[in-house]
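In full-length UniProt numbering, the protein residues as written are 1 to 416.
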């Protein structure tokens with residue numbers, strides 16, 4: 001964090017940069033508004049801007065995937081990416097994921113750059129589950145000839161993070177509460193994934209602080225305090241009584257709940273639904289009292305996002321033993337109840353996660369009165385979790401994926 005606190009913005013969002021930004025915007029607008037006789041030239045531009053893929057007839061008359069696909073790596077890659085937009089009942093897309101993953105893995109070592117880089121990264125992180133700004137940054141890195149980009153948004157993010165780090169350092173929690181996770185930079189990266197747009201600057205700073213404080217409360221319950229210490233602590237935080245009445249009581253009484261009991265307590269008492277709703281702040285006039293009424297009804301997209309976040313956390317905690325030995329564990333409950341191995345339990349949890357991704361996709365594909373910016377909050381929370389936990393617990397032990405994202409978005413500007 002010191003590099004952020006001491007960081008001096010060497011490239012201010014000055015008049016020159018702002019003017020260049022407006023010029024580029026106007027140039028893109030003119031290109032998109034060009035006469036229809038040149039519309040075919042717009043297709044690569046629209047593809048580069050929106051990164052949209054299209055599902056074509058990839059199967060032959062017998063219902064098998066066309067053999068020619070294995071020779072067309074770019075086509076395989078397009079099919080692979082769009083398949084992650086599947087919903088329940090679309091078995092063809094489930095088959096497509098398996099088919100394309102197998103053949104892209106076999107082809108990866110034989111490809112030339114930049115296609116090799118695209119394929120290798122896609123196998124680790126699909127566009128649908130990735131953070132839009134991180135994926136855009138990688139896209140620009142691969143396609144160096146793309147000139148229509150600037151660092152204005154990145155400079156704003158660095159300024160925000162510098163302010164947050166100074167706030168955190170002034171609180172001195174690293175010394176006062178050494179048991180708590182010192183992860184304010186990772187928390188900011190998390191929220192930057194939920195919404196990165198410039199107009200949400202105040203909201204990013206506020207919700208990063210919410211995450212930092214919530215993390216301290218969570219660590220107090222999970223890693224530090226004893227049962228007897230938690231009773232008065234919980235009395236002081238009346239709204240959190242359900243936590244002490246169930247999970248900590250189970251530990252204290254040496255009771256092993258069923259997987260369903262643990263899940264039904266863990267999902268509503270986790271912080272993920274709270275973060276999705278808190279992220280409504282600053283979205284604008286699309287947020288109405290009816291939005292909060294909808295959110296309070298446990299809608300499918302918030303529930304699906306919560307399952308993704310909670311279950312990826314459960315897998316990482318069990319794999320890397322981040323819970324105290326006497327704590328209840330969702331994975332251990334599952335193993336004991338169903339008589340399976342840890343690997344089989346991970347597979348079962350991952351099936352729940354993949355089904356939840358399908359629920360999220362379905363919410364975006366069906367008509368709804370809920371504005372897309374509202375749905376995006378839950379989608380982006382799930383995306384952040386996928387990025388942070390793809391290679392382990394990226395919040396407690398920062399791995400390559402979150403480190404790479406933080407570095408590319410907050411430390412290394414895009415060469416102009």
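Don't be surprised by glycine CBs; every beta carbon is placed ideally from N, CA and C. Quantities reported herein were computed from a predicted structural model and do not represent experimental measurements.
So is residue i buried or exposed if we call it buried at 16+ other beta carbons inside 10 Å?
i           : result
residue 358 : buried
residue 50  : Residue placement at residue 50 cannot be trusted, given a pLDDT of 45 that sits under 50; what the coordinates show is reported in the next sentence. Classification for residue 50: exposed.
residue 259 : buried
residue 157 : buried
residue 128 : buried
residue 88  : exposed
residue 211 : buried
residue 275 : buried
residue 10  : Note on residue 10: pLDDT 44, under 50, position unreliable in the model; no value is reported.
residue 265 : buried
residue 344 : exposed
Can you find the residues in the same chain that come closer than 8 Å, C-beta to C-beta, to residue i, ignoring five residues on each side of it along the sequence?
i           : result
residue 379 : 301, 305, 360, 364
residue 125 : 135, 386, 387, 390, 401
Whole angstroms are fine: how far does the CA of residue j sit from the CA of residue i?
i           : j           : result
residue 85  : residue 172 : 44 Å
residue 316 : residue 263 : 16 Å
residue 71  : residue 110 : 12 Å
residue 314 : residue 130 : 20 Å
residue 372 : residue 286 : 9 Å
residue 53  : residue 334 : Low confidence applies here, because residue 53 scores a pLDDT of 39, under 50, leaving its location unreliable and the question unanswered by this model.
residue 189 : residue 63  : 43 Å
residue 93  : residue 80  : 9 Å
residue 198 : residue 155 : 10 Å
residue 187 : residue 18  : 28 Å
residue 106 : residue 114 : 17 Å
residue 423 : residue 370 : Look at the range of the chain in this structure, 1 to 416, and you will see that residue 423 is not part of it.
residue 228 : residue 383 : 37 Å
residue 282 : residue 167 : 21 Å
residue 182 : residue 204 : 18 Å
residue 61  : residue 78  : 21 Å
residue 139 : residue 329 : 39 Å
Below 6 Å CB to CB, which residues in the same chain sit around residue i once its five sequence neighbours on both sides are set aside?
i           : result
residue 271 : 214
residue 295 : 277
residue 273 : 302, 306
residue 337 : 258, 259
residue 74  : none
If I'm right that residue i touches residue j with Cβ under 8 Å, what's the distance once you round it to whole angstroms?
i           : j           : result
residue 311 : residue 280 : So it is not a contact: roughly 24 Å between Cβ atoms.
residue 104 : residue 69  : Their Cβ separation, rounded to whole angstroms, is 11 Å, which puts residue 104 and residue 69 out of contact at 8 Å.
residue 422 : residue 381 : Nothing about residue 422 can be reported from this structure: the residues present for the chain run from 1 to 416 only.
residue 231 : residue 177 : Contact flag wrong, Cβ pair sits at about 20 Å.
Of all the options the options, which has the alpha carbon lying nearest to the alpha carbon of residue i?
i           : options            : result
residue 439 : 122, 82, 26, 137   : Here the chain comprises residues numbered 1 to 416, so residue 439 is not present and cannot be evaluated.
residue 342 : 318, 354, 352      : 318
residue 202 : 284, 254, 218      : 284
residue 163 : 299, 206, 221, 351 : 206
residue 309 : 25, 353, 26        : 353
residue 269 : 221, 289, 255      : 221
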